[in-house]
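**Student:** For the sequence shown, position 131 matches number 131 in full-length UniProt numbering, and the numbering has no gaps at all.
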Amino acid sequence: MKKKHPHLYTVIHLAVAVAFVVFLRNFVLTPVEVIGISMEPTYHESDRLWQSSLIKPQRFDNATFPSPRNGKRIVKRIIGLPGDTVRVENDQLYINDKAYDEPYLDEAKAKLTDGEPYTEDFSLSTIDVGAEKVVPDGHFFVLGDNRRRADDSRYFGFVDQKDIYGVVYFRYYPLNKIGLQ
Numbered sequence: 001m002k003k004k005h006p007h008l009y010t011v012i013h014l015a016v017a018v019a020f021v022v023f024l025r026n027f028v029l030t031p032v033e034v035i036g037i038s039m040e041p042t043y044h045e046s047d048r049l050w051q052s053s054l055i056k057p058q059r060f061d062n063a064t065f066p067s068p069r070n071g072k073r074i075v076k077r078i079i080g081l082p083g084d085t086v087r088v089e090n091d092q093l094y095i096n097d098k099a100y101d102e103p104y105l106d107e108a109k110a111k112l113t114d115g116e117p118y119t120e121d122f123s124l125s126t127i128d129v130g131a132e133k134v135v136p137d138g139h140f141f142v143l144g145d146n147r148r149r150a151d152d153s154r155y156f157g158f159v160d161q162k163d164i165y166g167v168v169y170f171r172y173y174p175l176n177k178i179g180l181q
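#1: Report the residue ranges of all alpha helix (DSSP H) runs contained in full by the region 36-93; include only those spanning at least 4 residues, in chain order.
#2: Of all the options L124, N62, R73, which has the alpha carbon lying nearest to the alpha carbon of R87?
#3: Just to confirm my understanding: we take G144, look at its own chain, exclude 5 residues before and 5 after, and list those with CB closer than 8 Å. What are they?
#4: Under 8 Å by Cβ, that's how I've got P57 and G138 pegged, so tell me the actual separation to the nearest angstrom.
#5: May I have the straight-line CA-CA distance separating I178 from V168, to the nearest angstrom?
#6: Just verifying my parser: in three-state terms, what is the DSSP assignment at D114?
#7: Can you tell me whether DSSP reads L124 as helix, strand or coil?
#8: Compute the beta-carbon to beta-carbon distance between D163 and F65, rounded to the nearest angstrom, for a pair I have assumed lies under 8 Å.
#9: Could you check whether F156 and R73 sit closer than 9 Å to each other, using their CB atoms as the reference points?
#10: Looking at the unbroken alpha helix (DSSP H) that takes in R154, where does it start and where does it end?
#11: Would you list the residues sitting across from K4 in a DSSP beta bridge?
#12: Hey, would you say the C-beta of R48 is under 8 Å away from at least one heavy atom of the ligand FMN?
#13: Measuring CA to CA, which of D47, Q161, K109, L180 is closest to R148?
#14: Three or more beta-carbon pairs under 8 Å between the region 169-176 and the region 43-51, yes or no?
#15: In whole angstroms, what separates the C-alpha of V16 from that of E120?
Here's what the structure looks like:
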């Protein structure tokens, strides 16, 4: 076939290469730009990240989804999975009544000088997003790392799993912070 139809052979190779690039771009190397300060100190305004829609979201992953406020792609940390209870008491995160460390908040907590908690106390039953006492099936509870300034599930409710674009796995800008996430 290669000798009889050399142009067809070239077109097929080109089509396969384009399909591969489109697959990579849409599912593996999808670029994301951080907008806002809600994920500081983990990510800052204009950081550039890669996400993959092939990675199944897990607890504490940073995932992207459309903002319920304006539809723009935002990044938040997945805290609660379906069936979980989530609360914070005295700046301590509890999931299903088990205390969890949040080392990604240590830098921000160390800078506090006002004596106030980094994360205000809350539970699923005290936040104003409905009467749910557990994260509903098919949904996540997400928080921004900048707990004092983040617009997250405490204010806009649960995120539907089908709305998750992908999981962040690599930062490629700024260059001094490049690496796996």
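Every residue gets a Cβ at the ideal spot worked out from N, C-alpha and C, and that includes glycine.
**Tutor:** Considering the structure as presented:
#1: none
#2: L124
#3: S38, M39, K76, R77, A150, D151, D152
#4: So it is not a contact: roughly 12 Å between Cβ atoms.
#5: 13 Å
#6: coil
#7: The answer is coil: DSSP assigns L124 none of H, G, I, E or B.
#8: 5 Å
#9: no
#10: Annotation for R154: the continuous alpha helix (DSSP H) segment containing it runs 153-156.
#11: Answer by DSSP bridge pairing: none, since K4 is not bridged.
#12: In terms of ligand content, the structure shown is empty, and the ligand FMN therefore cannot be addressed.
#13: K109
#14: yes
#15: 52 Å
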